[in-house]
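**Q** So for the sequence shown, the UniProt record's numbering puts the first residue at 1; every next one is plus one.
Cβ coordinates follow ideal geometry from the N, Cα and C atoms, glycine included.
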Amino acid sequence: MHAVRSLGTLRNTVCMTAAEPLAPRITLSDGTSIPQLGLGVYKVPAEQTAELVAGAIELGYRHVDTAALYRNEAEVGEGVCASGVPRDELYVTSKVWNDRHGVDETRAAFLDALDASGLDYFDLYLIHWPAPRQDRYVEAWKALIGLREQGLVRSIGVSNFEPHHLQRLVDETGVAPVVDQVELHPWLPQRDVRAAASAMGAAVESWSPLARGRVLEAGSRDREVLSNIAARHDKTPAQVALRWHVQQGLIVIPKSTSLKRVAENADIFDFELTATDMAEIAQLETGERTGRHPDDLG
Ligand SMILES: NC(=O)c1ccc[n+]([C@@H]2O[C@H](COP(=O)([O-])OP(=O)(O)OC[C@H]3O[C@@H](n4cnc5c(N)ncnc54)[C@H](OP(=O)(O)O)[C@@H]3O)[C@@H](O)[C@H]2O)c1
Numbered sequence: 001m002h003a004v005r006s007l008g009t010l011r012n013t014v015c016m017t018a019a020e021p022l023a024p025r026i027t028l029s030d031g032t033s034i035p036q037l038g039l040g041v042y043k044v045p046a047e048q049t050a051e052l053v054a055g056a057i058e059l060g061y062r063h064v065d066t067a068a069l070y071r072n073e074a075e076v077g078e079g080v081c082a083s084g085v086p087r088d089e090l091y092v093t094s095k096v097w098n099d100r101h102g103v104d105e106t107r108a109a110f111l112d113a114l115d116a117s118g119l120d121y122f123d124l125y126l127i128h129w130p131a132p133r134q135d136r137y138v139e140a141w142k143a144l145i146g147l148r149e150q151g152l153v154r155s156i157g158v159s160n161f162e163p164h165h166l167q168r169l170v171d172e173t174g175v176a177p178v179v180d181q182v183e184l185h186p187w188l189p190q191r192d193v194r195a196a197a198s199a200m201g202a203a204v205e206s207w208s209p210l211a212r213g214r215v216l217e218a219g220s221r222d223r224e225v226l227s228n229i230a231a232r233h234d235k236t237p238a239q240v241a242l243r244w245h246v247q248q249g250l251i252v253i254p255k256s257t258s259l260k261r262v263a264e265n266a267d268i269f270d271f272e273l274t275a276t277d278m279a280e281i282a283q284l285e286t287g288e289r290t291g292r293h294p295d296d297l298g
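1) Apart from the five residues just before and just after V14, which ones in its own chain have a Cβ nearer than 6 Å to its Cβ?
2) Among H63, T49 and A19, which residue has its Cα nearest to the Cα of R25?
3) Any chance the CB of Q221 is under 6 Å from a heavy atom of ligand 1?
4) Ignore the nearest five residues each way along the sequence and tell me which others in S33's own chain have a CB closer than 8 Å to its CB.
5) Could you tell me whether the Cβ atoms of H165 and P130 are closer together than 7 Å?
6) Closer than 8 Å is the cut-off here; do at least three beta carbon pairs connect the segment 138–150 with the segment 179–194?
7) Give the single residue among P21, Q167, S256 and A218 whose Cα lies nearest to the Cα of Y42.
8) Can you give me the C-alpha to C-alpha distance between D135 and R100, rounded to a whole angstrom?
9) Can you tell me whether G118 is helix, strand or coil according to DSSP?
10) Below 8 Å CB to CB, which residues in the same chain sit around A116 once its five sequence neighbours on both sides are set aside?
11) Run the proximity test for Y125: is its beta-carbon closer than 6 Å to any non-hydrogen atom belonging to ligand 1?
12) If V138 sits next to T173, beta carbons under 8 Å apart, how far is it from one beta carbon to the other, in whole angstroms?
13) What does a CB cutoff of less than 6 Å around S6 pick up in its chain, not counting 5 residues either side in sequence?
14) Following a CB-centred definition, is D65 positioned closer than 6 Å to any heavy atom of ligand 1?
15) May I ask whether a heavy atom of ligand 1 can be found less than 6 Å away from the beta carbon of Q181?
16) Looking at the structure shown, is I34 part of a helix, part of a strand, or coil, going by DSSP?
17) Say whether the segment 252–272 touches the segment 200–207, bearing in mind that this needs 3 or more beta-carbon pairs closer than 8 Å, one atom from each stretch.
18) Using 6 Å as the cut-off, classify the Cβ of P86 as near or not near the heavy atoms of ligand 1, replying yes or no.
19) So V76 is in the alpha helix (DSSP H); what residue range does that whole segment cover?
20) Spell out a yes or no on whether the segment 269–278 and the segment 234–244 are touching, meaning 3 or more CB-CB pairs, one atom from each, closer than 8 Å.
21) Look at the Cβ atom of V215, then the Cβ atom of S29, and state whether they are nearer than 7 Å.
22) Could you check what DSSP says for D123 in three-state terms: helix, strand or coil?
23) Tell me the rounded alpha-carbon separation between G298 and A231.
24) Report the three-state DSSP secondary structure of S227 (helix, strand or coil).
25) Could you give the residue range of the alpha helix (DSSP H) that holds V191?
26) What does the alpha-carbon distance come out to for the pair D180 and H233?
27) Please state whether DSSP places G219 in a helix, a strand or coil.
28) Are there any heavy atoms of ligand 1 lying less than 6 Å away from the beta-carbon of G79, as far as the coordinates show?
29) Rounded to whole angstroms, what's the CA-CA distance from L90 to L39? Just pull it up for me.
30) Would you grab the beta carbon distance between I229 and E280 for me? Rounded to a whole angstrom, and I think it's under 8 Å.
31) How far does the beta strand (DSSP E) with K95 in it extend, from its first residue to its last?
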């Protein structure tokens, strides 16, 4: 791994002692395991990323979710190095962007990302979107299969794959992804994707688990329902929303640029939502997405 490039504000974190892991691990179909909670770093400015990642690890996070698109893979690597926690106790995911699908192109994109991160390996590498109009995601998947066979990545998966995209990977390569990372929150519980993923042994990761913060908006019905449940458990609305994910066996990767909220978002493993709570949250389903439908992007 590379040396920390700029100590700056990281100076205080280099020798820190990290807290014990906060989240349980979930076993994936390839026999590896993934911490059920991770820190998402989409839209975290590069100049804040290393310190945020190191700070989250100090709090007990062990999993970070980045992508080539986020332009902070290098800084995620810096934060991981600066944390002082052994690399094999941490879990780093990255993703190939849509403009680099293809057997050779995806392999090259992976090697570029690994180099940028300064890490020796990624734990998980995903195809970010199927981008079906390009129709090159099966070739990208073949590249990922090769990278895993070579030991350059521990596990391989996909993101934003609908059931028919998942099925095509299996039909054409015989290899199922271990993870499908999709937009999932109380508005959009993604039952079809979850059923298809589960049928092939893939775990589901919820991106934008707080609907980009919109389920917490003051004055919204979502906020009111989540606040009422939160009051019953002495928790916050965000903690209730995130607990809804983990209680269903989903992997969850909330993003916050505030270490205070990063800590809040991890304090979800000491309480349990009741069947009534879960039913109330289920009423928030609208089918609304915060992002594009996977068949329409790319
Ligand atoms: N695979 C994909 O296509 C895809 C797409 C989108 C996202 N993702 C991944 O999923 C991660 C999370 O998604 P996201 O960032 O879009 O949305 P999110 O985690 O649902 O919500 C993030 C927003 O909620 C706010 N927030 C977070 N915790 C809060 C709390 N406890 N109280 C109040 N507000 C809070 C954040 O503001 P502050 O930062 O100001 O706290 C931010 O505005 C991303 O970072 C990325 O890793 C993947």
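**A** On the basis of the coordinates in this document:
1) Reading the sequence shown from its first residue, position 14 is the one you call residue 14. The predicted model places V14 with a pLDDT of 44, which falls under 50 and marks its position as unreliable, so this point remains unresolved.
2) Against the sequence shown, residue 25 aligns to sequence position 25. The candidate whose alpha carbon is nearest that of R25 is H63.
3) The residue labelled residue 221 in the question sits at position 221 within the sequence shown. For clarity, residue 221 is Arg in the given sequence; the question names Gln instead. For ligand 1, not one heavy atom lies less than 6 Å from the Cβ of R221.
4) As a working note, residue 33 is residue 33 in the sequence shown. For S33, where only same-chain residues beyond five positions count, the Cβ hits under 8 Å are R25, I26 and T27.
5) Numbered from 1 along the sequence shown, position 165 holds the residue referred to as residue 165. Numbered from 1 along the sequence shown, position 130 holds the residue referred to as residue 130. In contact: H165 and P130 (Cβ atoms closer than 7 Å).
6) no
7) Here the question's residue 42 lines up with position 42 in the sequence shown. Ranking P21, Q167, S256 and A218 by Cα distance to Y42 puts S256 first.
8) Locating residue 135 in the sequence shown gives position 135, counting from the first residue. Locating residue 100 in the sequence shown gives position 100, counting from the first residue. Going from the Cα of D135 to the Cα of R100 covers about 12 Å.
9) Taking the first residue of the sequence shown as position 1, residue 118 is located at position 118. Coil.
10) What you label residue 116 is simply residue 116 of the sequence shown in a count that begins at 1. The residues are E73, A74 and G77.
11) Translated into the one-based positions of the sequence shown, residue 125 becomes position 125. No, the Cβ of Y125 stays beyond 6 Å of every heavy atom of ligand 1.
12) Position 138 of the sequence shown, counted from the start, is the residue given in the question as residue 138. Position 173 of the sequence shown, counted from the start, is the residue given in the question as residue 173. So it is a contact: roughly 7 Å between Cβ atoms.
13) Reading the sequence shown from its first residue, position 6 is the one you call residue 6. Caution applies to S6, whose pLDDT of 38 falls short of 50 and renders its modelled position unreliable; the value that the coordinates give is listed next. Excluding positions up to five away in sequence, the list is empty.
14) Here residue 65 corresponds to residue number 65 of the sequence shown, with the count starting at 1. At least one heavy atom of ligand 1 is nearer than 6 Å to the Cβ of D65, so yes.
15) Along the sequence shown, one-based indexing puts residue 181 at 181. Yes; taking the cut-off as 6 Å, the Cβ of Q181 has a heavy atom of ligand 1 nearer than that.
16) As a working mapping, residue 34 is identified with position 34 in the sequence shown. Reduced to three states, the DSSP call for I34 is strand.
17) yes
18) Reading the sequence shown from its first residue, position 86 is the one you call residue 86. The answer is no for P86.
19) Here residue 76 corresponds to residue number 76 of the sequence shown, with the count starting at 1. Element bounds for V76: E73 to S83.
20) yes
21) Taking the sequence shown and counting its residues from 1, the one referred to as residue 215 is at position 215. Taking the sequence shown and counting its residues from 1, the one referred to as residue 29 is at position 29. For V215 and S29, no; Cβs fall outside 7 Å.
22) For this step, residue 123 is matched to residue 123 along the sequence shown. Here D123 sits in strand by DSSP.
23) Translated into positions along the sequence shown, residue 298 becomes position 298. Translated into positions along the sequence shown, residue 231 becomes position 231. Rounded to the nearest angstrom, the two C-alpha atoms are 42 Å apart.
24) The sequence position of residue 227 within the sequence shown is 227, counting from 1. Of the three classes helix, strand and coil, the one that applies to S227 here is helix, per DSSP.
25) Looking up residue 191 in the sequence shown gives position 191. Checking the sequence shown, residue 191 turns out to be Arg, not Val. It spans R191 to A199 - the alpha helix (DSSP H) in which R191 sits, taken as one unbroken run.
26) By 1-based counting over the sequence shown, the position of residue 180 is 180. By 1-based counting over the sequence shown, the position of residue 233 is 233. Rounded to the nearest angstrom, the two C-alpha atoms are 31 Å apart.
27) Mapped onto the sequence shown, residue 219 falls at position 219. Coil, per DSSP.
28) For the purposes of this step, residue 79 is taken as the residue at position 79 of the sequence shown. False, no ligand heavy atom lies under 6 Å from that Cβ.
29) Stepping through the sequence shown from its first residue, residue 90 is reached at position 90. Stepping through the sequence shown from its first residue, residue 39 is reached at position 39. When rounded, the distance between both Cα atoms is 12 Å.
30) One-based indexing of the sequence shown puts residue 229 at position 229. One-based indexing of the sequence shown puts residue 280 at position 280. Indeed, because the Cβ distance is near 6 Å, the residues count as touching under 8 Å.
31) Within the sequence shown, residue 95 is the residue found at index 95, counting from 1. Where K95 is concerned, the enclosing beta strand (DSSP E) stretches over Y91 to V96.
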